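J.: With the first letter of the sequence shown counted as 1, position 216 gets the number 208 in this note's numbering; the numbers rise by one all the way through.
Dropping the structure in here first, questions after.
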Amino acid sequence: QKDNVAFKVVANAKELGWKNYGIDISSKDSGSGKRLEFHATNDNKNVLSGSTSFISKQEGQKTIIEGSGSVKVKEEQKSANFKYIRTVFTDSNEKGVETFFNVALGERSYVAESRVTNYEYKNSYVYCEEKKQCAHAEIQSKIDMSTPGMIVNVINAGLDLRKLGVAPELGLQMRDEVSDRRPPRFTLDLHINKEDRKYHLHAYNTPENGHYASGVTVRLPSRVMALEYTLTHPTSQDLPFPIKGEACLDLDKNRPGHKTSARFLVDYSNSGSEDKAVAEIGFFHPKIEKEAVIRLNAFMKRPENGCFKIESSASLCHSALGTDRVAKV
-7 QKDNVAFKVV ANAKELGWKN YGIDISSKDS GSGKRLEFHA TNDNKNVLSG STSFISKQEG
53 QKTIIEGSGS VKVKEEQKSA NFKYIRTVFT DSNEKGVETF FNVALGERSY VAESRVTNYE
113 YKNSYVYCEE KKQCAHAEIQ SKIDMSTPGM IVNVINAGLD LRKLGVAPEL GLQMRDEVSD
173 RRPPRFTLDL HINKEDRKYH LHAYNTPENG HYASGVTVRL PSRVMALEYT LTHPTSQDLP
233 FPIKGEACLD LDKNRPGHKT SARFLVDYSN SGSEDKAVAE IGFFHPKIEK EAVIRLNAFM
293 KRPENGCFKI ESSASLCHSA LGTDRVAKV
């Protein structure tokens, strides 16, 4: 029959201390309404018993079930109330189901939320003990297509059980972006105990047309470490030169003298009867004090038809060598 509830289970688990653990929940008529009665026993001893009012109603796309009353937890009497809401999305562009469930037992409460649609997935759980000491767990994935030609997906996850004596608090956020105007982009942030700001990881890949940047930064109590890479080239001319790239490893961004880097440059130009190409590689480490550079140059000249001249040179530059060392062909 509609709005009737009947649930019964018996379980045994020696490891959990369950001996003929029984749960019996049923709805019964009470005057002009209904009541929800429940009993839970373990080894024939009361664990939970009592009853609440039971109201079920429909409001548009929402189904609402709620009630309140009192229960006996072992030998202690406590107030109790609950509310369940289920919403079905069918009319808009978003299709799916959202649920909300809240139950309070004396000073303790539990809230669970869920949302599953074609644009969003979310599950969250909050448990609060006396004096508002709460623990929570949440995961959410949301898709944003409001900007034409762009799809953004954001994922958030969090776990905080410190109020229950379980540490630490963890948080994660990931963002993906796909667009018809630029290459795919990605960022990730992971923290431990956000308020302390002692442990944090940030990873990113955020390219633009002509500028590509990616890296990882790790924040620790004693230092901030980073590995970063960039690549650039012009986009407003026929040839994508010069092309420049650099990779850096910094073992402590808060203090100088811990950075190692490598870079390169490639360039090409043409002016009538002459072609010129240049390649340059640079390397720096704190122990060599100044950057070491290798340069390669190549020229091709065409002074007249059917005749051309090629010249190339290479040089190694560093202060430890005195003057530059150059070889030509």
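Yeah, the Cβ is synthetic: ideal placement off N, Cα and C, and Gly gets one too.
All of these numbers come straight from a predicted model, not from anything done at the bench.
1. Taking buried to mean at least 16 other C-beta atoms within 10 Å of its own C-beta, is Glu161 buried or exposed?
2. Around the C-beta of Leu28, are 16 or more other C-beta atoms found within 10 angstroms, so that it is buried, or is it exposed?
3. Can you tell me whether DSSP reads Arg154 as helix, strand or coil?
4. Within its chain, find whatever has a CB closer than 6 Å to the CB of Ala239; leave out the 5 residues flanking it on each side and keep chain order.
5. Going by CA-CA distance only, name the one from Ala271, Ile17 and Ala104 that's closest to His31.
6. Name the one or two DSSP bridge partners that Ser116 has.
7. Could you spell out the range, first to last residue, of the beta strand (DSSP E) harbouring Ile184?
8. Taking the beta strand (DSSP E) that Met217 falls in, what are its first and last residues?
9. Give the secondary structure of Ser307 by DSSP, where H, G and I count as helix, E and B as strand, and everything else as coil.
10. Assuming Met106 and Thr91 form a contact by the criterion Cβ under 8 Å, report the distance between their Cβ atoms to the nearest whole angstrom.
11. Do you know offhand how far Ser214's Cα is from Gly249's?
12. In chain order, which beta strand (DSSP E) runs of at least 3 residues are fully inside the segment 22 to 65?
13. Could you tell me the boundaries of the beta strand (DSSP E) in which His192 lies?
14. Can you check DSSP and say which residues form a bridge with Lys291?
15. Let me make sure I understand the geometry here. Which of Val285, Ile131, Glu281 and Asp267 has the alpha-carbon closest to that of Phe275?
16. Report the rounded CA-to-CA distance for Cys126 versus Tyr119, giving the unit in angstroms.
17. Sorted by chain position, which residues of the same chain lie with C-beta nearer than 6 Å to Phe361's C-beta, five sequence neighbours on each side aside?
18. Go to Ala239, then tell me how far its beta strand (DSSP E) extends in each direction, as first and last residue.
19. Report yes if the CB atom of Asn34 is closer than 8 Å to the CB atom of Lys11, and no otherwise.
20. Output needed for Thr209: all residues of its chain with C-beta closer than 6 Å, excluding positions within five of it in sequence on either side, in chain order.
21. What residues in its chain sit with their C-beta under 6 Å from that of Ile57, if we drop five residues either side in the sequence?
22. Compute the Euclidean distance between the alpha carbons of Arg294 and Pro176, then round it to the nearest angstrom.
23. Going by Cα to Cα distance, which pick from Glu200, Glu112 and Ser228 is closest to Gly88?
24. Please state if the CB of Ile131 and the CB of Ala149 are separated by a distance shorter than 8 Å.
25. Quick check: the Cα distance between Thr245 and Ser206, rounded to an integer number of angstroms?
26. In angstroms, rounded to a whole number, what distance separates the CA positions of Glu303 and Ile147?
27. Have a look at Lys70 and Val103 and give me their C-alpha separation to the nearest angstrom.
28. Any idea if Asp136 is buried or exposed, counting beta-carbon neighbours within 10 angstroms, 16 or more meaning buried?
29. Over the uninterrupted beta strand (DSSP E) stretch that includes Asp259, give me the two end residues.
30. Using three-state DSSP, classify Lys11 as helix, strand or coil.
T.: The relevant details are as follows:
1. By the 10 Å Cβ count, Glu161 comes out buried.
2. By the C-beta density criterion, Leu28 is buried, having at least 16 other C-beta atoms within 10 angstroms.
3. Helix, per DSSP.
4. So the list reads Tyr221 and Ala254, once near-sequence residues are dropped.
5. Comparing Cα positions, the closest option is Ile17.
6. Answer is Glu105 and Glu130.
7. Counting along the chain, the beta strand (DSSP E) containing Ile184 begins and ends at Arg177 to Ile184.
8. Its beta strand (DSSP E) spans residues Val216 to Thr224.
9. Note: Ser307 maps to strand in three-state DSSP.
10. Correcting the residue identity first, residue 106 is Ser in this sequence and not Met. Their Cβ separation, rounded to whole angstroms, is 5 Å, which keeps Ser106 and Thr91 in contact under 8 Å.
11. In a straight line, the C-alpha of Ser214 is about 16 Å away from that of Gly249.
12. The qualifying runs are 25 to 34, 37 to 51 and 54 to 65.
13. For His192, the enclosing beta strand (DSSP E) stretches over residues Tyr191 to Asn197.
14. Looking at the sequence itself, residue 291 is Phe, so the reference to Lys does not match. In the DSSP output, where bridge partners are listed per residue, Phe291 has Lys268 and Glu303.
15. From the listed residues Val285, Ile131, Glu281 and Asp267, the smallest Cα separation to Phe275 is found for Val285.
16. Answer to the nearest angstrom: the Cα atoms are 5 Å apart.
17. Only positions -7 to 321 of the chain appear in the structure, and residue 361 is not among them; the question remains open.
18. From DSSP, the beta strand (DSSP E) with Ala239 extends over Ile235 to Asp242.
19. Yes, the pair counts as a contact, with Cβ atoms nearer than the cut-off.
20. Taking C-beta separations shorter than 6 Å and ignoring five residues to either side along the sequence, the partners of Thr209 in its chain run His194 and Ala218, following chain order.
21. Hits under 6 Å: Ser48 and Tyr76.
22. Pro176 has its alpha-carbon roughly 43 Å from the corresponding atom of Arg294.
23. By alpha-carbon distance to Gly88, the top candidate from Glu200, Glu112 and Ser228 is Glu112.
24. Contact annotation: Ala149 and Ile131 have beta-carbon atoms nearer than 8 Å.
25. This sequence places Lys at residue 245; Thr is not what is there. One C-alpha to the other measures close to 17 Å.
26. Roughly 56 Å between the two C-alpha positions.
27. Near 18 Å, if we compare the C-alpha coordinates of Val103 and Lys70.
28. Around the CB of Asp136, fewer than 16 other CB atoms lie within 10 Å, so the residue is classed as exposed.
29. In the DSSP assignment, Asp259 falls within the beta strand (DSSP E) that extends over Lys251 to Ser263.
30. Reduced to three states, the DSSP call for Lys11 is strand.
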